[in-house]
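A quick write-up on the structure given underneath.
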Amino acid sequence: MGTTLLRDLGLWLWRLLPGNPIVVRVVSAGGKRVRHMWARVAYLGVLFVVMLVLGTDLLNPRGSSLAALAKQSTTTFMVVSMVQLFLMSFIAPVFTAGAITQEKDSNTFDILLTTPLSTGQIVLGTLFSRLFFVWALLLSGLPIFCITMIYGGVTTAEVFKSFGLAACTGLVTGALAILISVARIGTRRTIFSFFLGVRLNLQTNSAFGRTSYAAVAVAPMGSGVFGARMSWLAPVHPFLALLAVTGQTPPPTPEAAYAYGWPWRWLLVHPAYGYMLLTTLASAAMIALSLFFVRAGQKEGEATLWNRLRSVLTLRGRRDELTHQPRRVWNNPIAWREANTRGSAAGASATRWLFIIGGVIGAIVLLAAHRNG
């Protein structure tokens, strides 16, 4: 009995991800596409050009001391890691969100729902079949990072931490893109709004994280290019966590952060691992939430628990729609609809709510950290 149960469980897990038909089809066919080959060439070309510009002394070390070469290796590693992380923040949504958008544009998504595939197989297969190329692209740049380790200044742990930050960033942005696409709250315009939201979020939090207001008082002062203390946002921001990994804003010691209590102490001492853990948990939550929206269109007439809950939450909105004043339509009704109805504002509404939720979570984290401090 126990052997049969374990065999069935293993077969279910195999079909859920490794043997997922979507993963097998996309990986086997996508690796042969010329477009993916040029994407890999462009990605590696950008990293290699950056390394050539900054690491000229590493390739021609004549007349340079080992200390100077080690310092140059550290600077080159930091910049190349930043470029790699920036590229991962935008490559992952392109591969993941574009998958379901293409399925909807070609009207094959509804056909996919009629297959024996479960909801979990559709979501996980769509996400990880595209993330496979993203992570393979990430690993293809490992030899470039190994060059920076030749003369010291860069450790193996720092290299793998930078790769872990980039991989988790690709995972969380890909999971968010899948959630937005599966929820059917927009089309390509929503994806564009998502890209804009990712960029604004990274730039805004990075700028605020480098100010003195967000600095951790018990963290040592950095001696690198930035010369600042580590930010409270380092466990939730990839670039700030990468600055801690490269030693530009070193994290506090366990003894210095002992007064903050768990889990804040662990997050501050290990910001890179904290970011990987938090983004993995957030990705799992978004994947689980995506499962409720995959077949939502096919169950609109069924009395499911989700439909009942949604009807209760939107009951007040329905009453307002039935009793609102008649709208004055322009001479061009199509232009009026695009400018005034909710259908055109789906992407903006989603982006606005994401910023609000992120701001509330960030405020709670900062307030809790301030009280513990």
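Each residue of the sequence shown is one higher than the last, beginning at 16 in our numbering.
Think of the CB as a built atom: it goes at the ideal place given N, C-alpha and C, for glycine as much as any other residue.
### Message
For S144 and S43, I'd like the C-alpha separation in whole angstroms.
### Response
10 Å
#### Entry: Distance between L84 and P253 (C-alpha atoms, nearest Å)
27 Å
### Message
At the level of alpha carbons, what is the spacing between A299 and L32?
### Response
14 Å
### For S246: DSSP bridge partner residues
A230
### Where F307 sits in the DSSP three-state scheme
coil
### Query
How would you write the range of the alpha helix (DSSP H) that M66 sits in, first residue to last?
49 to 69
### Query
Quick one: what does DSSP say Q218 is sitting in, helix, strand or coil?
helix
### Stretch pair the region 281 to 294 + the region 262 to 271: three plus CB contacts closer than 8 Å
yes
### Task
Check I162 in the structure and name its three-state DSSP category.
helix
### For V344, three-class secondary structure by DSSP
coil
### Query
Do you know offhand how far T171's Cα is from M164's?
8 Å
### Task
Report, in whole angstroms, the separation of the C-beta atoms of L191 and M301, which I expect to be a contact under 8 Å.
6 Å
#### Entry: DSSP three-state assignment for Q136, whether helix, strand or coil
helix
### Message
The alpha helix (DSSP H) that contains G185, what's its start and end?
### Response
171 to 197
### Task
Measure from the alpha carbon of T134 to the alpha carbon of each residue in I376, A303, F110, L26, then state which is nearest.
A303
### Query
Is S88 helix, strand or coil when you go by DSSP?
helix
#### Entry: Alpha-carbon to alpha-carbon, V98 and F63
11 Å
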